[in-house]
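K.L.:
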Amino acid sequence: MNHIFIVNPCAGKTNGEQVVRESVAALESLRDSEIYVTKSAGDATAYVASRCEATPDERLRFYACGGDGTLNEVVGGVIGHDNAEVTSFPIGSGNDYVKYYGGKKEFVNLGRLVEGNVEEVDVMRIGSRYALNMCNFGFDAIACRAMNEVRRKPLIGGKNAYTTGIVKALFTGRRTNCVVKVDGTKIHEGDMLLCTMGNGRYIGGAYKCSPLSMNDDGLIEVSLFKPLTLLQFARMLGSYRDGTYMSREDVQAKLVYLRGRTVEIETEKEIDFCIDGEMMRGERFKVEQMHRAVRFVVPKGGIAES
Numbered sequence: 000m001n002h003i004f005i006v007n008p009c010a011g012k013t014n015g016e017q018v019v020r021e022s023v024a025a026l027e028s029l030r031d032s033e034i035y036v037t038k039s040a041g042d043a044t045a046y047v048a049s050r051c052e053a054t055p056d057e058r059l060r061f062y063a064c065g066g067d068g069t070l071n072e073v074v075g076g077v078i079g080h081d082n083a084e085v086t087s088f089p090i091g092s093g094n095d096y097v098k099y100y101g102g103k104k105e106f107v108n109l110g111r112l113v114e115g116n117v118e119e120v121d122v123m124r125i126g127s128r129y130a131l132n133m134c135n136f137g138f139d140a141i142a143c144r145a146m147n148e149v150r151r152k153p154l155i156g157g158k159n160a161y162t163t164g165i166v167k168a169l170f171t172g173r174r175t176n177c178v179v180k181v182d183g184t185k186i187h188e189g190d191m192l193l194c195t196m197g198n199g200r201y202i203g204g205a206y207k208c209s210p211l212s213m214n215d216d217g218l219i220e221v222s223l224f225k226p227l228t229l230l231q232f233a234r235m236l237g238s239y240r241d242g243t244y245m246s247r248e249d250v251q252a253k254l255v256y257l258r259g260r261t262v263e264i265e266t267e268k269e270i271d272f273c274i275d276g277e278m279m280r281g282e283r284f285k286v287e288q289m290h291r292a293v294r295f296v297v298p299k300g301g302i303a304e305s
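Per numbering that gives the first Met the number 0, the very first residue in the sequence shown carries number 0; after that it's consecutive.
If you want it as C-alpha cells, here you go:
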C-alpha cells in the first residue's frame with residue numbers, strides 16, 4: 000500500500016502543509032509515504048489520475064488534506080481506477096462529507112485512519128464532473144457562492160460563513176424558475192426556493208439537509224422546497240439545520256421529497272449550481288448516480304450515523 004497525501008495549501012486557517020507533515024512524521028507506518036502539495040484548482044484531480052495510470056498494479060491510498068473541495072478533486076482523479084482508494088484528512092473549514100461518519104474529530108486521528116476500513120460509496124456524475132457529498136441549486140447555491148466569498152473574513156467568515164451566505168441569499172435568491180425531473184418523471188415546474196441532491200447528509204458546515212440519505216444505496220436523496228415567505232423561512236430554518244424538517248406538518252405542503260437514480264434540471268437562464276461546495280453555471284444539468292463507484296476509507300472503529 001502506498002499512502003499519498005494530497006495537500007491543499009489554501010485550506011483552513013492554519014498552515015495545512017505543516018500540519019500534514021508533522022502528523023505523517025509522527026507515525027512509523029507512514030515513513031515511506033508521499034506528500035503532494037497542489038498548485039492550483041484542478042491540480043489534485045490531474046495529479047491523482049496520472050499517478051493511478053502510472054502504476055496500475057500498485058495499490059494506492061490518497062488522503063485529501065483540505066476540505067470538501069479538496070476531497071471532491073481527489074475523488075475525480077480516482078474514478079475508474081480499481082487500484083485506488085480515497086479518504087479525508089480534514090484540515091479545511093467545511094468538511095461536510097465526513098460528518099456522515101461522525102465528523103472531523105474521527106478523521107484527524109491519523110493512526111486510526113491509516114488502519115481504517117474500506118467502504119464502497121456512491122458518487123454523482125454531472126457531465127465530466129463528480130460529487131461525493133451534495134449537489135444543490137437555488138437558494139443553497141447562492142448562499143454557497145456568498146459563503147466562498149466571505150469564508151476567510153473575520154466574524155462573518157469561518158464557521159459563520161454559511162450563515163452569512165444565507166442572509167445574503169434571503170435578499171437575492173428566494174426564487175428560481177426551473178423544471179426538475181427524477182428518473183424521467185417531472186416533479187416540479189415553476190418557481191422554487193431550493194433543491195438538494197445528496198449522498199451525504201450535511202451542507203454548509205452544520206445544515207443536515209438530507210437526513211435520510213444513504214451513501215451506498217445507489218439512490219440520490221432529492222429535497223425540493225417550493226417558495227417560502229420570509230416568516231415561513233424563519234420558522235423552518237432551525238429544523239432544516241438539525242434535519243427534522245420532514246416531520247413537520249407545516250413543511251409538507253412546501254416540500255417535494257423522493258429518491259432516484261437520475262435528476263435533470265432545466266432553467267430559463269444560467270444559474271449557480273453547486274457541487275460539493277464548488278460552483279458551476281449553466282441552464283441544463285443532469286445528475287446521475289454511480290453506484291459504489293469509489294472506495295472510501297473510514298477510520299478504524301468509525302461508523303455511519305443511524
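We put the beta carbon where it would ideally sit given N, CA and C, even for glycine. Here the structure is a predicted model, which means the values were calculated and not measured.
Would you mind sorting Q288 into buried or exposed? The rule is 16 or more other CB atoms within 10 Å of its CB.
P.N.:
It is buried - the Cβ of Q288 has at least 16 other Cβ atoms within 10 Å.
K.L.:
Let me make sure I understand the geometry here. Which of N135, F136, P8 and E33 has the alpha-carbon closest to that of M0?
P.N.:
Checking every option, the nearest Cα to that of M0 belongs to E33.
K.L.:
Can you tell which of H290, I302 and N108 has its C-alpha closest to the C-alpha of S22?
P.N.:
Of the candidates H290, I302 and N108, the one whose C-alpha sits nearest the C-alpha of S22 is N108.
K.L.:
Run the CB neighbour count on K185, radius 10 Å, all protein chains shown included, and call it buried at 16 or more, exposed below.
P.N.:
So K185 counts as exposed.
K.L.:
Taking only the alpha-carbon atoms, compute the straight-line gap between G300 and R111 and give it to the nearest angstrom.
P.N.:
The alpha-carbon atoms of G300 and R111 are separated by roughly 8 Å.
K.L.:
N7 to E248, Cα distance in whole Å?
P.N.:
Straight-line Cα distance between these residues: approximately 43 Å.
K.L.:
Just the C-alpha distance for V262 and R280, rounded to the nearest angstrom, thanks.
P.N.:
Their Cα atoms are separated by approximately 16 Å.
K.L.:
For a test of the three-state rule: what should DSSP assign to M133, helix, strand or coil?
P.N.:
Residue state, collapsed to three classes: strand.
K.L.:
Measuring only the C-alpha atoms, how far is C143 from V293?
P.N.:
One C-alpha to the other measures close to 25 Å.
K.L.:
Alpha carbon to alpha carbon, what distance is there between M196 and Y46?
P.N.:
Taking the straight line joining both Cα atoms gives about 28 Å.
K.L.:
Compute the Euclidean distance between the alpha carbons of V178 and G189, then round it to the nearest angstrom.
P.N.:
Going by the C-alpha atoms only, they are around 7 Å apart.
K.L.:
If we count the other Cβ atoms within 10 Å of its Cβ and call it buried at 16 or more, is K227 buried or exposed?
P.N.:
The sequence given here has Leu at residue 227, not Lys. L227 is buried by the Cβ-count criterion.
K.L.:
Let me know the alpha helix (DSSP H) ranges lying completely inside the stretch 38 to 107, each 4 residues or longer, listed in chain order.
P.N.:
Listed in chain order, they are 42 to 53, 67 to 77 and 103 to 106.
K.L.:
Note down, in chain order, each residue of its chain lying with its Cβ closer than 6 Å to the Cβ of S87, except the 5 sequence neighbours on either side.
P.N.:
Cβ within range, chain order: A63, L70, V97 and F106.
K.L.:
Can you name the start and end residues of the alpha helix (DSSP H) that D249 belongs to?
P.N.:
Note, D249: alpha helix (DSSP H), E248 to Q251.
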